[in-house]
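Asker:
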Ligand SMILES: [Zn+2]
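Numbering (our numbering), first residue to last: 45 to 290.
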């Protein structure tokens with residue numbers, strides 16, 4: 045994940061969120077699969093209705109989309125949009141089981157998800173929504189066991205949640221481990237960058253990941269700047285640790 049969220053959001057949005065008619069073309073294709081998953085259904089409905097999907101929007105707080113997410117969990121339209129309302133709505137059914145939204149996300153097909161317009165922003169909003177309701181664990185527990193997780197989703201969960209030990213320390217640790225493996229395999233610069241920013245000590249302690257980080261730094265001025273800044277930061281690795289790339 046980039047240190048400049050706007051730059052990254054726009055660049056990636058252009059590529060994958062259907063701004064150039066791509067979304068219209070695939071709109072019909074996954075409809076059956078989409079309808080089978082209430083989260084995907086909400087993502088497409090939000091696109092159709094033009095709901096704001098800007099994470100952390102200071103004007104509307106992505107209210108319309110979050111209302112759609114709450115509706116999946118059975119929160120009545122007149123209820124406030126807070127964690128307590130979700131808890132009340134769910135208490136009528138099975139309070140200890142994951143709610144419908146968490147279940148839908150845990151089971152979501154990443155390939156079909158990535159056909160949806162603004163899927164990345166939608167996922168970002170939904171994961172925070174679940175975290176506020178202490179249900180992020182159900183989703184990450186399911187995802188971390190999957191055979192393959194797209195790099196951008198690894199990156200998103202790492203940067204927003206796992207680095208801060210969400211949903212819990214054990215799962216955050218497993219997630220970081222997966223990210224280290226994926227970074228070594230794919231050499232994806234965005235992921236390498238996120239790892240260096242999120243958990244420099246883990247990168248430094250893993251010889252493969254350390255090598256990949258150094259290689260990324262040699263290729264990318266952006267990664268190089270981060271590595272250099274970490275070297276100067278009291279929280280980051282000591283300068284001599286990262287010295288060969290500064
Ligand atoms: Zn907004």
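Glycine included, C-beta positions come from ideal geometry on N, C-alpha and C.
Remember, predicted model here, so these are calculated numbers, not experimental data.
1) Counting only the same chain and skipping the five closest in sequence on each side, list residues whose C-beta sits under 8 angstroms from that of residue 65.
2) Is residue 103 near ligand 1, in the sense that its beta carbon is under 8 angstroms from a heavy atom of that ligand?
3) Distance check for residue 131 and residue 259, CA to CA, integer angstroms please.
4) Taking only three categories from DSSP, how would you classify residue 97?
5) I'd like the span of the alpha helix (DSSP H) that includes residue 248, first residue to last.
6) To the nearest whole angstrom, what separates the beta carbons of residue 114 and residue 129, a pair I think is in contact under 8 angstroms?
7) Can you find at least 3 beta carbon pairs, one from the stretch 231-238 and one from the stretch 186-203, that sit closer than 8 angstroms?
8) Grab me the residues of residue 240's own chain with a C-beta within less than 8 angstroms of its C-beta, minus the 5 sequence neighbours each way, in chain order.
9) Look at the Cβ atom of residue 183, then the Cβ atom of residue 222, and state whether they are nearer than 9 angstroms.
10) Drop a sphere of 10 angstroms on the beta-carbon of residue 81, count the other beta-carbons inside from all chains shown, and report buried for 16 or more, exposed for fewer.
11) Please say whether residue 111 and residue 121 have beta carbons closer to each other than 9 angstroms?
12) Pick helix, strand or coil for residue 152, following the three-state DSSP scheme.
13) Excluding five sequence neighbours on each side, which residues of the same chain lie with their C-beta closer than 7 angstroms to the C-beta of residue 185?
14) Mapping the DSSP letters down to three states, classify residue 115 as helix, strand or coil.
15) Roughly how many angstroms lie between the CA atoms of residue 250 and residue 151, to the nearest whole one?
16) Run through DSSP, which three-state label would residue 179 get?
17) Specify the secondary structure class of residue 209 as computed by DSSP and reduced to three states.
18) For the candidate residues 227, 228, 165, whose alpha-carbon lies nearest to that of residue 204?
19) Just checking residue 106 against ligand 1 - is the residue's beta carbon closer than 8 angstroms to any of the ligand's heavy atoms?
20) Hey, residue 210 and residue 175: beta-carbon distance below 9 angstroms or not?
21) Between 153, 100, 179, which lies nearest to residue 134 when the distance is taken from Cα to Cα?
Answerer: Walking through what the data contain:
1) Because the pLDDT of residue 65 is 48, which lies under 50, any placement of that residue in the model is unreliable, and the question is left without a value.
2) At a threshold of 8 angstroms, residue 103 counts as near ligand 1, since its beta carbon sits closer than that to one of the ligand's heavy atoms.
3) Whole-angstrom Cα-Cα distance: 47 angstroms.
4) Under the three-state reduction of DSSP, residue 97 is assigned to coil, being neither helix nor strand.
5) Unbroken alpha helix (DSSP H) run through residue 248: 244-249.
6) Between residue 114 and residue 129 the beta-carbon gap is near 7 angstroms, inside 8 angstroms, which marks them as a contact.
7) Three or more pairs of CB atoms, one per stretch, sit closer than 8 angstroms, so the stretch 231-238 contacts the stretch 186-203.
8) The residues are 247, 257, 267, 270, 271, 274.
9) No.
10) Of the residues assessed, residue 81 falls on the buried side of the cut-off, its CB having 16 or more other CB atoms within 10 angstroms.
11) Residue 121 places its beta carbon less than 9 angstroms from that of residue 111.
12) Coil, per DSSP.
13) Sequence-distant partners of residue 185 (beyond 5 residues in either direction) whose C-beta falls short of 7 angstroms from its own C-beta, in its chain, are 215.
14) In the structure shown, residue 115 sits in a helix (DSSP, three-state: H, G or I).
15) Each residue's Cα considered, the two are about 31 angstroms apart.
16) Correct three-state label for residue 179: coil.
17) Three-state result, residue 209: coil.
18) Taking residue 204 as reference, the option from 227, 228, 165 with the minimal CA-CA separation is 165.
19) Yes, ligand 1 has a heavy atom inside 8 angstroms of this Cβ.
20) With a cutoff of 9 angstroms on beta-carbon distance, residue 210 and residue 175 are scored as near each other.
21) Nearest in C-alpha terms to residue 134, of all of 153, 100, 179, is 179.
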